[in-house]
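Participant: Under my numbering, the first residue of the sequence shown is numbered 1, with each subsequent residue one higher. Heads up, the beta-carbon is just placed ideally off N, CA and C, and yes, glycines get one too. Predicted model, so just to flag it, every value in this text is computed and none were measured. My structure is below; once you've seen it, I'll send some questions.
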Amino acid sequence: MSGAQPFRREGATGRTLRFRFDGREYEGLEGDTLASALLANGVRAVASSIKLGRPRGVYAAGCEEPNALVQIEEPFPEPMLQATTVELYDGLVATGLPGQGRLADRPDPARYDAVHAHCDVLVVGAGPAGIAAAGVAARAGARVILADERPEPGGSLLGTTERLDGRPGREWAAEEVAALAALPEVRVLRRTTVLGHYDDNYLVAVERRTNHLGAAAPAEMARERVWRIRAKRVVLATGGHERFVAFAGNDLPGVMLAGAARTYANRYRVLPGRRAVVFTTNDSAYAAALDLADAGVEIAAIADVRQAPGEAWAARCAERGIEVLTGHVVTAAKGEGEVSSAEVAPREGGQTREIPADLLLVSGGWTPVVHLFSQSGGTLRYDEELGAFTPGESRQAVEAAGFARGVTTLRGCLEDGAEAGRRALSAAGFAVPSGTAVPSTPVVPAAGEEPPAAPAEHLWLVEAPGDDGDYGAHFVDLQRDVTVAEVLRAVGAGLGSVEHVKRYTTAGTAHDQGKTSGLLTGGVVAHALGVDVAELGTTTFRAPYTPVSFAALAGRDRGPLHDPVRVTAPHEWHVARGALFENVGQWKRPWYYPRPGEDMEAAVLRECRAAREDVAAMDASTLGKIDVVGPDAAVLLDRLYTNMMSTLKVGFIRYGVMCRADGMVFDDGTVIRLADDRFLVTTTTGNAAAVLDWMEEWLQTEWPDLRVHCTSVTEQWATVALVGPRSREVLARLAPGLAVDNDSFPFMTWRDAEVAGIGARVCRISFSGELAYEINVPSWYGLALWEAVMASGEVTPYGTETMHVLRAEKGFPIVGQDTDGTVTPQDLGMEWVVSKKKADFVGKRSFARADTSRPDRKHLVGLLPEDPAVLLPEGAHLVETSSLPEPPVPTLGFVTSSYRSAALGRTFALALVSGGRERTGERLYAPVGADLVPVTVTSHVLYDPEGARRDG
């Protein structure tokens, strides 16, 4: 044994790695996990429990580990990792956790990505059954993906001394998988956990590509990769997890699953202790005890709950001088902070015996890993012999193989895996090869054949002495600190369902999702109720199978790639002129253009005056634009808009409103008819994607017969809104070939023309109430157009804040600001936009509901503060009385928009007010801080109500 690693077996090889745990320096070997390296250094207590703060040690050897939770500190903080699955690397820094970790305080520099893959056969698990299944399918020419969560193939063979074809099973697995990986249609995914099984054989897996490299990980390689796999057939060779038994002190460091101890001794050449007591309900612990004895661990005794264990195993123990106590149980693990002895007693009562030991190995049986099978929609059935639930039938093209199906022998797993591979091949349409295609009979080291197994006995709980026994230290879920006492309390409260008990106690809800505790908890519930475990069933197996980081799920869809910053063609011009920007959807839109010495209020008032009295321009490129093309384009628009679009003539434009099925306003914009079968629909900037999705939803799900295609063209067009009394004059100079007088170019029409030498589509549209034009050019020419408009020095650029003021003065609502999802067109004073001629449109029937015609519905109205200098805050509530009554205070509505107007010479606001149109002229009050600001209700159209300014 090494002096630096006192529990490392002689003959261990590999490069020495240095790491730090809980502030102390240690050494391990390449190939170690953090758990095996800590055990090699004699570290027993790795973490503490979440509720009780009890010390906890390594309990398992894989993803079923309930105790040894750690936080990686270097090279990047990552919490809630299992020490049993963290591969050791040079420079690793980690700390033990009390059941919960700490999020990183800095951005993750690593890359994450995702890949889609298709295959004929997906095999999950590279143990004996999985390798056999993949081998049969791959050699027949099928496209095969073999995924396994470990860094090397072999599954259970990695932790045993079993042999195949005369060589160690681990070597056979490595050679077989290497041969498969060399085939052209095979992909082997190591360090890859399949997390979820969804409909149509769609499975999601996460591959850990560079986690094991630490600071040496290549920066250009993704740290983790999400695989989204669609498979014709799935073979689940997921093996099983050993479970423990509930007895007093079963959480102490030094208590460990027998199979895990065997793995540490054989795979990592680490002794988990010096002197061990083994507590078992089945034969598998004997193989573990013998391997540990051969490795140098003194096996003080084997306590077997059965009166008749396997004869061959008992004989082998006798040969080595190992005492076997049949019909015995461990009643308690003893020790201060870690195991120092085990109390053993006859199961039926008798003298208790305390056996000194620093290691207590437990095997309460094995549970097939049925998580993915259950997620696929598969049913489970209880296997009396195994004492666990095994796969039944699934509605999908999936089957389990090997121990995942309840097959318990190595040879049986190999044969079962090969048969599963053949069935998968046949179902996928391939010719099925003959022959077994599996190695010759495996050999257990001490004998030519596996000893016949004696029946296991299913024990969930070692009962505490006395009628009112103390079960406060009999743990069923080590991660959640759930004891038998809590389970009994739940049952005593009337809970008879394992799902209810799970929620009452939190058993099975931690990071391990009940891999070792789920069936044990059900067994204790069944014991308390006096029913069979089969009657209770299991809790629901939900994805993900193991924890997955949000970073991996997000992949490259984060930061600017998740929420891209979109800019218009003239963006750099706006930046150079000192514009301040606001985020509208994903777009950066100029908010206002302050001149030296101007604050926002002064700049916006100046821009408003220019638009009302002279000429101004806004970059309107961000407005949503959707090309609607096809013979039935007009039919689609008639069904989606509240007003008629099919009667619109080519060359004309019509304003329209879309409603949800409940009659509430969803979006508004213009519809431009370009040809008999082609329209250009404009939407609000922030709603462009939602409107396109809305159109596609109806087309694909309700009206698939309509011959229409909808395409987003928002980024294909740059748009300049030219606004103000002098806008016609400026446009005439820019487009000398375009007749711009009212008769030649009336309101709500469009013309093709050359503007500043650029081919353009010019629309007579106004969102300000002024004479205005929207000039559209291909976005490539957007900057050139904008510079041409600004070249004369006469045109004032204005931003979105000025646009808001101008439209609010005219009472034009903005969907999402002056609406809140409960507003109909009628509430906005736009009855005229709801057609009475159309037989139907989305939302029409909702207008017949009594609720949409209530007189007390909130209407859009204008508000004028009595003090013209007071600017109401948006969102301010409105009340009827000049003093507030005792809470709850009834409100009439709220302010939706509030501005200071250059044209009105005062402040004003828009609001949604109950029965608002009937309250014109009334005084209401807006609570603002400690004050009640008096306001007068007026029409929502506060400027140029006759519309005289629209035509110049």
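I need the boundaries of the alpha helix (DSSP H) containing Met600, first residue and last residue.
Facilitator: First-last of the alpha helix (DSSP H) with Met600: 600–613.
Participant: Using three-state DSSP, classify Phe247 as helix, strand or coil.
Facilitator: Phe247: coil per DSSP, three-state reduction.
Participant: How do the segment 536–548 and the segment 561–579 stand: do at least 3 beta-carbon pairs fall below 8 Å, yes or no?
Facilitator: Because the criterion of three Cβ pairs below 8 Å is not met, the segment 536–548 and the segment 561–579 do not touch.
Participant: Based on Cα-Cα distance, which residue from Asp676, Ala772, Val339 lies nearest to Ala721?
Facilitator: The residue with the shortest Cα to Cα distance from Ala721 is Ala772.
Participant: From the DSSP output, in three-state form, read off Pro442 for me.
Facilitator: Below a pLDDT of 50, predicted positions are generally treated as unreliable, and Pro442, at 35, falls in that range; the measurement from the model is reported next regardless. It is coil, neither helix nor strand.
Participant: Between Glu323 and Gln396, what straight-line distance do the alpha-carbon atoms span, to the nearest angstrom?
Facilitator: Approximately 49 Å between the Cα atoms of the pair.
Participant: So, at 6 Å on beta carbons, what are the nonlocal neighbours of Ala4 in its own chain, with the 5 sequence-adjacent residues on each side left out?
Facilitator: Excluding residues within five positions, the ones whose Cβ falls inside 6 Å are Glu27.
Participant: What is the DSSP secondary structure of Asn282, counted as helix, strand or coil?
Facilitator: Asn282 falls in the coil class under three-state DSSP.
Participant: Looking only at DSSP bridge pairs, what is Ile145 linked to?
Facilitator: DSSP lists Leu122, Arg187 as partners of Ile145.
Participant: What's the C-alpha gap between Phe21 and Val93?
Facilitator: So the alpha carbons of these two residues sit roughly 6 Å apart.
Participant: Spatial neighbours of His940 within its chain, please: C-beta separation below 7 Å, excluding the five flanking residues on both sides.
Facilitator: So the qualifying residues of the chain are Gly811, Gly829, Leu860, Val861, Gly862, Leu910.
Participant: Kindly indicate which three-state DSSP category Val398 falls into: helix, strand or coil?
Facilitator: Correct three-state label for Val398: strand.
Participant: Give me the Cβ distance between Glu224 and Ala552, rounded to the nearest whole Å; I'm assuming they're in contact under 8 Å.
Facilitator: With a Cβ gap of about 4 Å, Glu224 and Ala552 count as contacting.
Participant: May I ask you to report which of helix, strand or coil DSSP gives Asp416?
Facilitator: Three-state result, Asp416: helix.
Participant: Whole angstroms are fine: how far does the CA of Leu637 sit from the CA of Ala404?
Facilitator: About 55 Å.
Participant: Using the Cα positions of Glu419 and Ala133, report the straight-line distance between them to the nearest angstrom.
Facilitator: Roughly 7 Å between the two C-alpha positions.
Participant: I'd like the list of long-range same chain contacts for Ser674, defined as Cβ closer than 8 Å, with 5 residues on each side in sequence excluded.
Facilitator: Reading the sequence as shown, one finds Leu at residue 674 and not Ser. Excluding sequence neighbours, Leu674 sits near Val650, Leu680.
Participant: Quick one: is Pro439 buried, meaning 16 or more other Cβ sit within 10 Å of its Cβ, or exposed?
Facilitator: Here Pro439 scores only 47 on pLDDT, less than 50, and its place in the model should not be relied on; the value that follows carries that caveat. Burial call: buried.
Participant: Residues in the same chain with beta-carbon distance under 6 Å from Gly669, minus the five sequence neighbours each way, listed in chain order, please.
Facilitator: Only Thr682, Thr683 meet the Cβ criterion.
Participant: Is the beta carbon of Gly523 closer than 8 Å to that of Thr959?
Facilitator: Not covered by the structure: residue 959. The range shown for the chain is 1 to 952.
Participant: Can you tell me which of the three DSSP states Met803 falls into?
Facilitator: Three-state DSSP puts Met803 in a helix.
Participant: Buried or exposed for Arg919, please, with buried defined as at least 16 other CB atoms from any protein chain shown within 10 angstroms of its CB.
Facilitator: Buried, by the Cβ-count rule.
Participant: Using the Cα positions of Ile145 and Asn41, report the straight-line distance between them to the nearest angstrom.
Facilitator: Cα to Cα, Ile145 sits roughly 38 Å from Asn41.
Participant: Hey, how far is the Cα of Glu463 from the Cα of Ser340?
Facilitator: Going by the C-alpha atoms only, they are around 22 Å apart.
Participant: Less than 8 Å between the beta carbons of Val278 and Leu361, yes or no?
Facilitator: Closer than 8 Å, so yes.
Participant: Please go through the segment 467–514 and give each complete beta strand (DSSP E) segment of 3 or more residues, from N-terminal end onward.
Facilitator: DSSP runs (the beta strand (DSSP E)) wholly in the segment 467–514: 475–477.
Participant: Compute the beta-carbon to beta-carbon distance between Arg24 and Arg269, rounded to the nearest angstrom, for a pair I have assumed lies under 8 Å.
Facilitator: At roughly 22 Å, the Cβ-Cβ gap does not stay under 8 Å, so Arg24 and Arg269 are not in contact.
Participant: Which residues does DSSP list as the beta-bridge partners of Phe894?
Facilitator: Its beta-bridge partners are His877, Leu912.
Participant: Do Leu872 and Thr896 have their C-beta atoms closer together than 8 Å?
Facilitator: Result no, Cβ atoms of Leu872 and Thr896 do not sit closer than 8 Å.
Participant: Could you compute how far the alpha carbon of His527 sits from the alpha carbon of Thr84?
Facilitator: Near 32 Å, if we compare the C-alpha coordinates of Thr84 and His527.
Participant: Between Gly893 and chain B, is any beta-carbon pair separated by less than 8 Å?
Facilitator: Annotation note: the requested chain B is absent from the structure, which comprises a single protein chain.
Participant: Using a 10 Å radius around the Cβ and a threshold of 16 neighbouring Cβ atoms, would you call Met953 buried or exposed?
Facilitator: Since the displayed the chain opens at 1 and closes at 952, residue 953 lies outside it and no answer follows.
Participant: Mind checking who Asp667 pairs with in its DSSP beta bridge?
Facilitator: Partner(s): Met658.
Participant: Would you please state the rounded distance, in angstroms, between the beta carbons of Pro128 and Gly155? I believe it to be under 8 Å.
Facilitator: Between Gly155 and Pro128 the Cβ distance is about 6 Å, and since that is below 8 Å, they are a contact.
Participant: Would you list the residues sitting across from Met618 in a DSSP beta bridge?
Facilitator: DSSP output for Met618 lists Ala721 as bridge partner(s).
Participant: Is the Cβ-Cβ distance between Arg869 and Thr907 less than 8 Å?
Facilitator: For clarity, residue 869 is Ala in the given sequence; the question names Arg instead. For Ala869 and Thr907, yes; Cβs fall inside 8 Å.
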